[in-house]
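Throughout the sequence shown, residue numbering follows this note's numbering, covering 1 to 99 in sequence. Take a look at the structure set out below.
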Amino acid sequence: MDDRDIGLSEWTGLDQPQHTDSESEDPELASRAIQREKLIKEIKDLQLHLKGVLDEIKKTEGEFEKKKAENEMLQTYVNNLTRQNKIGADYILYGSLTI
Numbered sequence: 001m002d003d004r005d006i007g008l009s010e011w012t013g014l015d016q017p018q019h020t021d022s023e024s025e026d027p028e029l030a031s032r033a034i035q036r037e038k039l040i041k042e043i044k045d046l047q048l049h050l051k052g053v054l055d056e057i058k059k060t061e062g063e064f065e066k067k068k069a070e071n072e073m074l075q076t077y078v079n080n081l082t083r084q085n086k087i088g089a090d091y092i093l094y095g096s097l098t099i
């Protein structure tokens, strides 16, 4: 099983619902079988939705890391410009470099 396969059989215990002749004869059993099939379909739908949410989270995390790295680079650039401006201003005011 890979990351994309959440595994229906792990949740339900069965790969596919098994129909028996007694289900078609007993309305209560038939009703339970229909309800079970609806639940299995709902589980599959929820698993697909969960996979979509997880994919979106991974995408957002990647974008966040990229923006974080860009912000760090820009902060370094701003710090360097500020330092250069201070050095230039000190030189103009005092006629020497003070670091």
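Here a beta-carbon is modelled for each residue, glycine too, at the ideal position from N, C-alpha and C.
Residue i in three-state terms, based on DSSP
i, result
"glycine 95", "coil"
"aspartate 90", "helix"
"methionine 1", "At methionine 1, the pLDDT of 44 sits below 50, so the modelled position is not reliable; the number obtained from the coordinates is stated separately. Coil."
"aspartate 26", "coil"
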